[in-house]
Each structure stands twice: as C-alpha cells, then as structure tokens.
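Residue numbers (this note's numbering): 16 to 157.
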C-alpha cells in the first residue's frame, strides 16, 4: 500500500547551482550527492520540516531521450517550467527577505481566495509558488 510521496523531481540546468540555491537561500538540507554509472549524478535535497519528501535535482538527460531532454532544457531556459509550491508562514516577509538576497520574483505577494501568493524563479528558470495558506471553500472562487 502507498503510504506517502517520498520523491519528486525538479529539473535544473546545473546541479551545483540548484543545490546551493535550495540549500543556502531556501533552507533545504542537502541529502544525497553521488555519481553513479556512466557519469549520472544523483542529487537530492529535503526540507527539514518534511524530511520524508526528497527533491531530486536532475539535469535533463537519461532516462529521457535526447529530443525530450533538449525540450526540457529549452523550457527551463525560457522560464516555462513549473517547480514546487512552497508553504510559508508570512508570504510578504519571505518575499522581502528573498528579494533582498537577489531572488527573481515574477509576481509580488497578492491576495488569493486560498491565501497570499508570490511567484519566484529558481536559478534554472523553474517557477516556484510561495503560499501563505488560509481556510477557503470552493465558493471563495466564484
């Protein structure tokens, strides 16, 4: 029986830069960094408050074929890839702190029916959504 989600993948263009961004700026912990057969590098991070969920920082390549890998690289370079939704206690404060550290934001904090949301980019072009959640119902979207 499935008990939880334990691993998700975020594609990146440079595993070192991506790991530094997530660890040094966003507070994740480095987990695994090992090279396996034929130069394949396995890099994972996890947030300290959610240690059972690891994020693989993967460069586009095998098991993708070359056409698919090239497509993913192109999407990253264009800033067209989605990444993660990140829960925050105070979206406006987090926005100010990360902006001061040079993080690129596509959307400043804005009120939404489900809370306060801001959208930023990681160093590979993935967009990350910061959400300060609040209780909502489907009627809040009408």
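Backbone N, C-alpha and C fix where the C-beta goes; we use that ideal spot for every residue, glycine too.
With DSSP run on the structure shown, which of helix, strand or coil describes residue i?
i	result
residue 143	strand
residue 108	helix
residue 32	helix
Rounded to whole angstroms, what's the CA-CA distance from residue i to residue j? Just pull it up for me.
i	j	result
residue 75	residue 58	13 Å
residue 79	residue 139	18 Å
residue 91	residue 28	7 Å
residue 60	residue 16	25 Å
residue 128	residue 106	14 Å
residue 94	residue 113	19 Å
residue 118	residue 81	31 Å
Per the DSSP calculation, residue i is bridged to which residue(s)?
i	result
residue 122	134
residue 103	None, per the DSSP bridge assignment.
residue 24	71
residue 97	142
residue 127	130
residue 148	130
Which same chain residues end up closer than 7 Å to residue i when comparing Cβ atoms and leaving out the 5 residues on each side of it in sequence?
i	result
residue 130	146, 147, 148, 149
residue 122	133, 134
residue 50	56
residue 137	33, 36, 98, 143
residue 30	56, 58, 72, 74
Looking only at its chain, what residues have a beta carbon closer than 8 Å to the beta carbon of residue i, apart from the 5 residues adjacent to it on each side?
i	result
residue 104	147
residue 68	19, 20, 21, 22, 23, 61, 62
residue 116	40
Just to confirm my understanding: we take residue i, look at its own chain, exclude 5 residues before and 5 after, and list those with CB closer than 6 Å. What are they?
i	result
residue 88	75
Say yes only if the C-beta of residue i is nearer than 7 Å to one or more non-hydrogen atoms of the ligand PLP, and no if none qualify.
i	result
residue 104	Absence of the ligand PLP from the depicted structure is noted, as is the absence of any ligand whatsoever, leaving it without description.
Taking only beta-carbon atoms, is residue i less than 8 Å away from chain C?
i	result
residue 87	Judged by its chain identifiers, the structure shown contains no chain C, having just a single protein chain.
Of all the beta strand (DSSP E) runs that stay within the bounds of the region 40-88, which reach a length of 3 or more residues?
44-50, 56-61, 69-73
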